[in-house]
Each structure stands twice: as structure tokens, then as C-alpha cells.
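Below you'll find the structure, written out as C-alpha cells, and then a few comments.
In the working numbering, the protein residues as written are 3 to 655.
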């Protein structure tokens with residue numbers, strides 16, 4: 003019995019046996035025509051459930067209690083991994099949690115300054131959200147808390163609406179409002195499975211944006227690092243350098259510079275040691291807290307704060323009251339909070355998902371992107387109600403968490419408990435902590451955002467990607483964070499449009515002594531077939547590119563006609579269009595093929611199609627285009643088409 007024919011899409015064909023023509027060549031199969039409902043449901047499934055069907059596991063369960071339990075496990079993965087939690091895992095999480103707490107506490111105080119918020123809000127952001135994430139998140143390695151880039155972006159956008167010095171309370175309220183809407187945005191994207199939206203910000207653009215943000219953050223730290231009192235509120239490099247130069251003669255404090263430079267050298271040295279020897283990661287992890295303790299003690303005993311050294315002063319002790327009543331949910335500030343929250347939330351989401359995927363691939367487990375979005379969104383919504391600002395996964399603390407041997411996301415809870423104890427009992431001890439130390443900690447942390455290796459690879463692989471990387475970098479450094487973000491998005495979208503409207507087409511030739519036909523640029527040794535032009539289209543044919551594809555094919559034909567005349571080849575009689583990469587076609591694409599067919603008829607050249615996919619052949623049949631060119635002009639392979647219509651040419655190749 004002959005095998006049943008299967009189309010490219012894996013669907014059963016109408017004919018039970020594989021169809022062959024009179025010459026013994028396989029014919030292109032035509033899948034069963036689906037109903038309108040089937041087409042729409044199939045398209046929706048591919049768009050929203052490309053990774054998995056979340057309802058599959060429920061259909062297989064006969065009882066409702068079991069389905070309900072699986073539903074709870076889907077929303078709260080902790081119910082799944084919590085059943086297998088052991089004392090050995092707890093030991094790993096305990097060590098990891100204590101380690102990342104020692105790193106996060108000084109970072110939280112510093113990052114809150116980037117957002118122009120009180121230090122206690124930074125600490126709260128590493129207390130409440132990390133308690134929520136382990137309940138709903140799917141990454142065991144990612145560590146939650148404030149991050150430098152989001153803090154800078156949030157601070158930059160907020161201070162354009164409200165002056166944090168003149169109206170600190172209104173500023174803080176707007177920050178909570180933005181955090182709330184950031185969480186709503188993140189959760190909505192996950193719930194409606196719209197995570198593909200963040201993929202429109204390309205990897206190259208993110209690399210450039212992060213590098214630019216790192217430079218901007220480091221420059222902003224020079225105020226505290228150099229002891230400058232009057233400093234620009236702008237973030238572009240020109241304004242910052244101008245402010246630094248203006249204050250060089252009378253605004254720098256040598257005591258502050260000495261403290262900052264000494265501990266910056268110490269932090270960079272420990273970071274280098276930890277990078278070179280993974281077993282010594284703990285040295286770089288505890289270095290920030292060690293620096294804070296030592297420098298605070300030094301300032302206290304020398305009373306350097308009386309000699310111009312700027313210190314943190316008082317950090318509010320205890321747990322802040324709920325902030326739900328502080329949110330702007332109506333009026334113009336609510337709209338401003340919404341806009342800021344959406345932008346900052348998307349950046350936070352992009353960073354966290356990228357980090358989560360990195361560690362998931364490294365450690366061999368699956369990260370559910372949509373669940374992550376819901377977890378991050380819920381975490382930030384709850385955070386906005388409990389005096390926190392936007393929180394996400396940070397690469398530095400996540401790397402430390404992984405190296406410290408975390409076993410589950412419970413390490414975030416351990417960190418949260420340590421931060422809680424800090425808020426309850428230890429915050430008064432930070433009174434004499436020099437701001438220069440916090441600047442040194444932030445500078446050390448953001449250096450890792452500049453990925454020179456990735457930039458070098460981007461340059462080698464794709465020059466357009468490198469342009470996107472540079473555009474985002476220079477936009478952040480020379481203008482502002484939001485301009486850099488805008489440039490990154492615009493260049494990413496421009497690249498998509500360019501690739502969609504100008505897809506690649508290739509001229510094919512025959513590999514000597516084979517029946518294979520390959521791109522003449524990739525395989526210079528191929529030979530052309532006299533009297534035949536073979537063109538491959540490497541993209542779906544839609545209204546955005548259909549006219550370009552038609553014109554490019556005609557240009558290939560014109561160039562080949564000229565070459566045939568010069569080499570005294572026979573006149574071109576056949577144009578073969580290889581459609582294997584064409585996964586879909588719309589009415590504009592069909593119209594373009596019809597126009598191409600009419601143009602070829604005038605030149606007395608026959609059009610032959612090769613291997614159209616299931617979607618394409620269905621639509622060509624529905625438009626009766628296959629009848630127009632003839633069913634005998636559609637082949638499964640280029641070799642079959644050449645063998646039938648140019649047998650003499652095959653013999654001479």
C-alpha cells in the first residue's frame with residue numbers, strides 16, 4: 003500500500019495515495035480545505051498559544067476537583083514545587099537568600115536615589131515584591147528587587163511631571179501610581195498572552211540601550227562621588243560634563259573623592275576576583291555591604307560628615323503603611339502615571355524575561371513567559387499598594403543567587419525577611435553611610451550592563467542590528483533615557499518593516515552532477531540552465547512586499563536575458579519560481595503573481611511554480627490561479643520541473 007500523502011503543514015491530503023504525474027514526478031499535495039471557523043481558531047491558537055496549550059492538561063482530567071487543583075497549580079507554581087521541597091533545598095535557598103540580601107540592601111538604597119525616592123522605599127521594594135514572586139513565578143534563579151535602568155528611567159520620567167524636591171509627597175504618590183499601572187500592564191500582557199509585544203524591541207537595541215543607560219547612570223553618580231552640591235538634573239552627557247567642569251575648582255570635595263575612589267577600587271577588585279574564580283563569587287557578593295559597614299564606621303569615628311562628606315542621614319525605621327490611598331486613579335496625574343507605568347513596566351518586563359530565559363537555558367528548565375508576566379505584574383500591583391516602586395529581576399543579584407546555590411524561588415523570601423529585619427532594626431545605623439559609597443556600588447553594578455562581547459558579535463553578524471544598537475546607545479547618552487528607548491523601538495520596527503517589505507530573492511543554479519539547485523551567491527560553482535531562469539522567494543508574499551517581489555523577479559529575468567544573449571544561450575522559455583520558503587500569501591500576493599504571469603505571457607515565457615506550501619496552494623486554487631497557469635506547471639521540486647520542460651538543458655548541465 004502506498005504511503006498516505008502528507009502536506010508540509012502535516013495535514014492529511016485529500017487523495018489517499020501520493021499523486022504522481024505521467025513523468026513519474028510527485029505532485030504538490032493539496033490539504034483539506036478548512037472552514038472559516040477552523041482557520042480563525044487555528045490562527046488564534048498560533049498567535050496566543052504558540053508555546054503550549056494551557057487547557058490541554060485540564061481536558062485529560064475526569065474530575066472537577068483535580069481540574070481545580072491543576073488550575074491553582076497553574077496560577078501558583080509554588081503548589082507544584084512546594085510539595086517536593088526538602089531540608090537540603092532549604093539550606094541552598096537560605097545561603098543564597100542571605101548572600102543576595104547582603105548585595106541588595108546597599109543597592110536598594112542607591113537605586114532609590116536614582117529614582118529620586120527615599121531610601122526606605124527602595125528597601126521596601128526588596129521586601130514585599132520578593133514575597134509575591136515565588137508564589138507565581140517559574141524561575142528558580144531570578145532575584146527580584148529594584149534595578150538601575152528602571153530606577154533611572156522612572157526617576158527621569160517622574161521628575162518631568164513633578165519636582166521631587168519641591169513636592170516630594172506628590173512625587174512619591176505618582177511613583178506608586180506608575181508602579182500600579184506598570185503591574186497592570188505586565189499582568190494584562192501575560193493574561194491575554196500578548197508577550198510577543200516585547201519581542202519588538204530587538205536584542206541589539208536592548209544591548210545598546212543598556213550600555214547607554216549604564217554610562218548615564220555612572221555619570222549621574224559623579225555628583226555624590228565627587229561631592230558636588232549643585233548638579234544638573236539632566237541626564238545627557240553634555241549637561242553632566244558641563245556641570246562637572248563648572249564645579250571643578252570649588253565644588254569638589256577631596257575627602258569624598260578619597261572615600262569613593264578607595265572603595266570603588268575595592269569593589270572592582272572583588273568583582274574581578276569573583277568573575278575569574280566562580281568559587282569566590284561570595285567575595286564580590288558581600289563586598290558592597292562590607293564597604294557600607296566599613297565606610298560608615300570610618301565616617302562616624304572621624305566625623306567626616308562635618309568636613310563636607312555627604313551622608314545618607316536618617317532612613318525611616320519600620321514598615322510603611324499601605325499606600326493604596328495614595329494612588330492617583332483619577333485626574334491628569336492618573337493619566338501621567340499610566341503613561342510612565344506602561345513605559346517603565348515594559349522595560350522592566352523585557353529585562354526580567356531576558357534574564358529569566360538566560361538562567362533557564364543555562365540550568366536546563368523551562369521558563370513560562372506568560373506566567374512570568376502575570377507574576378511580575380501581580381508583584382508590582384501589590385508593591386504599589388505597600389509603598390514600593392517598580393521591581394523586576396536584576397542580572398547582578400540573579401547571577402549571585404544562582405552561584406550561591408539557590409534551589410528554588412524561595413531564596414527571594416529569605417532575602418525579603420533579611421530586608422524586613424533591616425527595616426525594623428538596622429536602618430538607623432545607615433545614618434553616617436557616605437553617599438560616595440552608594441555611588442561606588444552603583445557604578446560597579448552598572449559596569450556589567452556594558453556587554454562589549456555582545457556588541458562585537460552584533461557588529462560581525464548583522465550591520466543593521468549594529469545600527470540599532472548604536473542608535474539606542476547614543477540616544478540614551480546624548481539625549482535622555484526616553485529618547486534612547488524611543489530610538490531603540492523605532493529602529494527595531496524599521497528593521498522589521500525593511501525585512502517585510504524588501505525580502506530576499508535569490509537566483510538558483512544547478513550543483514554539478516546532482517539534481518539540486520542552490521543560490522548562486524552561496525554556491526559559486528553552480529551552473530545555470532540554458533533557457534531557464536530559476537528564482538527563489540524567501541518570504542511570505544503579502545501586500546507589503548508583493549509588488550517588490552514581482553518587480554525583483556522581472557529584474558532577475560531581464561538580467562538573465564542579457565547574460566543569455568552575451569553567452570549565446572538559447573532564448574529563455576521558462577521562469578521557475580521556488581516557493582518552498584513562502585509560508586503564506588494574501589490577495590495582494592496572488593494579484594502580483596497574476597500580474598507576473600501576464601507579463602511573462604507577453605514575452606512568451608512560461609511560468610512554473612515549485613513546492614507551494616499548504617496555505618499557498620489552497621489560496622492559489624481558490625483564486626483559480628492554478629487553472630490559469632495549468633496544473634501541469636506546478637511541481638514538487640525544481641529538478642522535476644527542469645527535467646520535464648528542459649530535458650535537453652539538463653543533459654548539457
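A virtual CB, placed ideally from N, CA and C, is assigned to each residue, including glycine.
Per DSSP, what kind of secondary structure is residue i in: helix, strand or coil?
{"i": "residue 367", "result": "coil"}
{"i": "residue 520", "result": "strand"}
{"i": "residue 643", "result": "helix"}
{"i": "residue 447", "result": "helix"}
{"i": "residue 251", "result": "coil"}
{"i": "residue 33", "result": "strand"}
{"i": "residue 538", "result": "strand"}
{"i": "residue 608", "result": "strand"}
{"i": "residue 196", "result": "coil"}
{"i": "residue 118", "result": "coil"}
{"i": "residue 614", "result": "coil"}
{"i": "residue 279", "result": "coil"}
{"i": "residue 484", "result": "helix"}
{"i": "residue 406", "result": "coil"}
{"i": "residue 149", "result": "coil"}
{"i": "residue 635", "result": "helix"}
{"i": "residue 568", "result": "helix"}
{"i": "residue 477", "result": "helix"}
{"i": "residue 347", "result": "helix"}
{"i": "residue 288", "result": "helix"}
{"i": "residue 508", "result": "strand"}
{"i": "residue 529", "result": "strand"}
{"i": "residue 587", "result": "strand"}
{"i": "residue 543", "result": "strand"}
{"i": "residue 101", "result": "helix"}
{"i": "residue 169", "result": "coil"}
{"i": "residue 358", "result": "helix"}
{"i": "residue 561", "result": "helix"}
{"i": "residue 232", "result": "coil"}
What do you reckon, are the CB atoms on residue i and residue j nearer than 9 Å?
{"i": "residue 109", "j": "residue 147", "result": "yes"}
{"i": "residue 145", "j": "residue 160", "result": "no"}
{"i": "residue 665", "j": "residue 475", "result": "The requested residue 665 does not occur in the structure, where the chain is confined to residues 3 to 655."}
{"i": "residue 188", "j": "residue 347", "result": "yes"}
{"i": "residue 265", "j": "residue 493", "result": "no"}
{"i": "residue 99", "j": "residue 390", "result": "no"}
{"i": "residue 437", "j": "residue 314", "result": "yes"}
{"i": "residue 582", "j": "residue 613", "result": "yes"}
{"i": "residue 491", "j": "residue 203", "result": "yes"}
Within its chain, find whatever has a CB closer than 7 Å to the CB of residue i; leave out the 5 residues flanking it on each side and keep chain order.
{"i": "residue 627", "result": "592, 595, 596"}
{"i": "residue 358", "result": "141, 144, 369, 374, 395"}
{"i": "residue 526", "result": "none"}
{"i": "residue 172", "result": "164"}
{"i": "residue 220", "result": "445, 448"}
{"i": "residue 489", "result": "473, 474, 477"}
{"i": "residue 372", "result": "192, 195, 197"}
{"i": "residue 209", "result": "453, 456, 457, 460, 471"}
Identify, in the order they occur along the chain, each residue of the same chain with its Cβ nearer than 6 Å to the Cβ of residue i, setting aside the five sequence neighbours on each side.
{"i": "residue 635", "result": "610"}
{"i": "residue 572", "result": "532, 533"}
{"i": "residue 617", "result": "586"}
{"i": "residue 206", "result": "460, 467, 470, 471"}
{"i": "residue 129", "result": "418, 421, 422"}
{"i": "residue 283", "result": "276, 405"}
According to DSSP, which residues form a beta bridge with residue i?
{"i": "residue 212", "result": "None, per the DSSP bridge assignment."}
{"i": "residue 576", "result": "534, 608"}
{"i": "residue 313", "result": "436"}
{"i": "residue 395", "result": "146"}
{"i": "residue 124", "result": "Its beta-bridge partners do not exist; DSSP assigns none."}
Which same chain residues, not among the five before or five after residue i, have their C-beta less than 8 Å away from its C-beta?
{"i": "residue 513", "result": "519, 520, 525, 527, 528"}
{"i": "residue 323", "result": "389"}
{"i": "residue 482", "result": "158, 236, 237, 238"}
{"i": "residue 507", "result": "537, 538, 539, 540, 551, 554, 555, 558"}
Less than 8 Å separating the Cβ of residue i from some heavy atom of the ligand GTP?
{"i": "residue 516", "result": "As presented, the structure is devoid of all ligands, the ligand GTP included, so that no description of it is given."}
Touching by the beta-carbon criterion (3+ pairs, under 8 Å), the stretch 160-172 and the stretch 394-402 | no
Okay, do the stretch 274-281 and the stretch 458-471 touch, 3+ Cβ pairs below 8 Å being the bar?
-> no
Say whether the stretch 187-194 touches the stretch 418-426, bearing in mind that this needs 3 or more beta-carbon pairs closer than 8 Å, one atom from each stretch.
-> no
Okay, do the stretch 494-512 and the stretch 536-548 touch, 3+ Cβ pairs below 8 Å being the bar?
-> yes
Count the C-beta pairs between the stretch 121-129 and the stretch 333-348 that are closer than 8 Å, then say yes if the count reaches three, no if not.
-> no
Mind the definition here: the stretch 265-274 touches the stretch 289-305 only if three or more C-beta pairs lie below 8 Å; say whether that holds.
-> yes
The stretch 237-247 in contact with the stretch 461-472 per 3-pair CB rule at 8 Å | no
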